[in-house]
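Peer 1: So the sequence shown is residues 437 to 527, counted in this note's numbering.
Virtual Cβ for every residue (Gly too), placed ideally from N, Cα, C.
Here it is: the structure, laid out below.
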Amino acid sequence: MSAPAEITRAQRFWPIAGAIPFLLSIFLLGVSLNSGALTVFAVVWPLLQVAGYTMTLRLAKGDTSHDLVKTQVILHYIALILLVVLLVRAS
437 MSAPAEITRA QRFWPIAGAI PFLLSIFLLG VSLNSGALTV FAVVWPLLQV AGYTMTLRLA
497 KGDTSHDLVK TQVILHYIAL ILLVVLLVRA S
């Protein structure tokens, strides 16, 4: 019998890093449904994250430190930065 594989530090970091923009997108969805602003973006963004993370984890064979997963997480941070810039310029 072989010993169970240990989870590396990177395999713990990337799911947590990916959870932050997801939770912020859920928060944005709540604010958007309450205020009526950016509703389409607020509904679609969490759906894109779920679909994207599911597909990249499937292609990465469950390895959360795979480059595809890292790219997906970074992509959603870029979307978060663009959203912040949009909100700052609008006010």
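Check whether the segment 498 to 516 touches the segment 480 to 489, taking contact to mean three or more Cβ pairs, one atom from each stretch, closer than 8 Å.
Peer 2: Yes, the segment 498 to 516 touches the segment 480 to 489.
Peer 1: For P457, is the classification buried or exposed, using 16 other Cβ atoms within 10 angstroms of its Cβ as the cut-off for buried?
Peer 2: Classification for P457: buried.
Peer 1: Assign T507 to buried or exposed, taking buried as 16 or more other Cβ atoms, counted over all protein chains shown, within 10 Å of its Cβ.
Peer 2: Label assigned to T507: exposed.
Peer 1: Please give the ranges of any alpha helix (DSSP H) in the segment 461 to 524, keeping only runs that are unbroken, at least 4 residues long and fully inside the region.
Peer 2: Runs found: 475 to 495.
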